[in-house]
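Okay, so the sequence shown: first residue is 0 according to numbering that gives the first Met the number 0, each after it adds one. No residue lacks a Cβ here, since even glycine has one placed at the ideal position from N, Cα and C.
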Amino acid sequence: MKLTDIYKKKSNILSFEIFPPKADGELNNIEPTLEILSQLEPDYISVTFGAGGSSNNNKTIALAKMIKEKYHIEPVVHLTCLCYDKKEISEFAKEIAAEGIENVLALRGDRNPNVPEKNDFRYASELITFLKENTSFCVAGACYPEDHPESESHVSEMLNLKKKVDAGADILLSQLFFDNENYYSFVEDARIAGIEVPITPGIMPVINEKQIRRMVNTCGAKLSDKFERILKNYGERPEALYEAGMIHALSQVVDLLANNVDGIHLYTMNNPNVARRICDGIKPIIGR
Ligand code: FAD
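Below you can see the structure in the form of structure tokens.
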């Protein structure tokens with residue numbers, strides 16, 4: 000089913016992001032994770048894709064296929080374009096379509112000095128145009144409530160996001176954030192800019208200080224003062240940080256749901272217990 004149909008038919012949409020196992024890992028290593036995630040009844044699961052130079056990208060499609068065929072959950076394949084040309088993207092698209100997968104998250108991908116960029120796609124919007132002209136995928140795009148790290152200004156970010164939607168993005172999935180007010184104000188600006196598609200907030204429950212500090216350095220998310228205090232007080236005590244990180248994420252999700260947002264997308268980091276904990280917390284709210 001296409002994401003557009005899911006968003007039309009349902010409220011309280013719940014989705015997860017996972018990544019394929021590393022190149023030397025076996026795909027079936029992730030099955031125990033999928034077993035648990037599937038019991039949480041997500042509306043879709045998205046699978047990340049390397050920014051280029053990775054032999055792992057075929058695993059993205061294989062994993063999406065497994066999610067669809069074995070667990071009967073709608074998969075979304077992430078697809079990056081900066082390091083691929085049109086022929087390569089067409090090959091990936093053919094492979095995705097051949098598996099009956101209907102949804103793609105079209106991304107530019109991060110720049111990597113070790114992987115040469117190609118000239119066919121400079122921005123995600125160009126990939127979206129290409130996919131809309133050459134495939135029948137439902138196409139999602141990424142957005143950044145606290146602006147993309149390469150952003151010139153908040154206004155230029157918003158204008159570029161509008162280009163992405165005008166190119167055909169049906170849905171936007173957000174980068175993680177820790178302050179819901181920044182998400183609400185971003186959505187308000189997007190609506191003023193004429194962006195009408197669903198904007199689904201992305202939430203990452205943080206249970207590891209090193210990992211989150213590395214991530215915010217590259218992804219454009221800000222550590223809120225509230226979250227910095229959590230890291231300062233509990234960062235050295237893994238059990239305390241786990242609890243505090245979970246409670247923080249859960250309170251973000253509850254507040255977002257109370258504001259009738261366009262679904263919740265959980266960055267699971269392939270940790271099904273984290274997803275289960277959040278889902279247990281919101282069970283009475285979303286009724287599953
Ligand atoms: P774009 O939309 O192209 O934007 C990149 C920058 O270019 C922005 O600053 C934008 O304002 C600017 N820009 C856009 N259009 C124009 C224009 N026409 N003129 C001038 N400037 C412009 N990365 C991966 O490698 N694999 C993944 O699986 C993956 N999954 C992700 C999932 C989500 C939900 C999100 C939010 C991010 C994900 N990323 C992933 C990270 C993403 O690839 C990076 O953030 C990347 O740097 C930007 O990708 P984009 O698609 O947002 O790029």
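Distance between I60 and Y266 (C-alpha atoms, nearest Å): For Y266 and I60, the distance between alpha carbons rounds to 19 Å.
Restricting to Cα atoms, I'd like to know which of I284, G280, A96 and V75 is closest to L172. The shortest Cα separation from L172 among I284, G280, A96 and V75 belongs to V75.
For ligand 1, is there a heavy atom less than 6 Å away from the beta-carbon of Q149? The residue you asked about is not Gln; residue 149 is Glu in the sequence shown. The nearest non-hydrogen atom of ligand 1 is less than 6 Å from the C-beta of E149.
Coil, strand or helix - G201 by DSSP: In this structure, G201 counts as strand in the three-state DSSP scheme.
Could you tell me whether the Cβ atoms of M245 and A192 are closer together than 7 Å? At a Cβ-Cβ threshold of 7 Å, M245 and A192 do not count as neighbours.
Okay, do the stretch 199-217 and the stretch 252-270 touch, 3+ Cβ pairs below 8 Å being the bar? Segments in contact, yes.
In angstroms, rounded to a whole number, what distance separates the CA positions of E116 and L78? Roughly 15 Å separates the two Cα atoms.
Rounded straight-line distance, which links the Cα of Y241 to that of F226: Whole-angstrom Cα-Cα distance: 13 Å.
Can you name the start and end residues of the alpha helix (DSSP H) that A63 belongs to? First-last of the alpha helix (DSSP H) with A63: N56 to E68.
Along the chain, where does the beta strand (DSSP E) containing P74 start, and where does it finish? E73 to T79 is the extent of the beta strand (DSSP E) around P74.
Alpha-carbon to alpha-carbon, S152 and E30: Cα atoms of E30 and S152: separation of roughly 42 Å, rounded to the nearest angstrom.
Cβ-heavy atom distance, F136 to ligand 1, below 6 Å: It does not: the Cβ of F136 is nowhere closer than 6 Å to a heavy atom of ligand 1.
State the start and end residues of the unbroken alpha helix (DSSP H) segment that holds G244. The continuous alpha helix (DSSP H) containing G244 extends over residues P237 to A257.
Best match in K221, P20 and H247 for proximity to Y143 [C-alpha to C-alpha]: Of the candidates K221, P20 and H247, the one whose C-alpha sits nearest the C-alpha of Y143 is K221.
Taking DSSP's pairing of strands, which residues face I263 in a bridge? Bridge partners of I263 according to DSSP: L13.
Give the straight-line distance between the Cα atoms of R212 and L62, rounded to the nearest whole angstrom. One C-alpha to the other measures close to 28 Å.
DSSP-derived helix/strand/coil call for I44: Here I44 sits in strand by DSSP.
L158: first and last residue of the uninterrupted beta strand (DSSP E) it sits in: Counting along the chain, no beta strand (DSSP E) covers L158; the unbroken alpha helix (DSSP H) around it starts and ends at H153 to D165.
Length of the line joining the Cα atoms of N111 and A50: C-alpha separation (whole angstroms): 8 Å.
So does the stretch 122-130 actually touch the stretch 171-186, counting three or more Cβ pairs closer than 8 Å? Output reads no: the stretch 171-186 does not touch the stretch 122-130.
Using 8 Å as the cut-off, can you tell me whether the stretch 79-86 makes contact with the stretch 31-44, which would need three or more C-beta pairs spanning the two stretches below that distance? Touching, no.
C137 lies in the beta strand (DSSP E); which residues open and close that run? According to the DSSP assignment, C137 belongs to the beta strand (DSSP E) that extends over C137 to C142.
I need the DSSP call for V196, collapsed to helix, strand or coil. It is coil, neither helix nor strand.
Could you check what DSSP says for L171 in three-state terms: helix, strand or coil? Reduced to three states, the DSSP call for L171 is strand.
Per DSSP, what are the beta-bridge partners of A105 in this structure? Its beta-bridge partners are L78 and G140.
T134, DSSP secondary structure in three states: Assigned with DSSP and collapsed to three states, T134 falls in coil, not helix or strand.
Under the assumption that G262 contacts S14 (Cβ atoms under 8 Å), give the Cβ distance between them as a whole number of angstroms. Contact holds; Cβ gap of about 6 Å.
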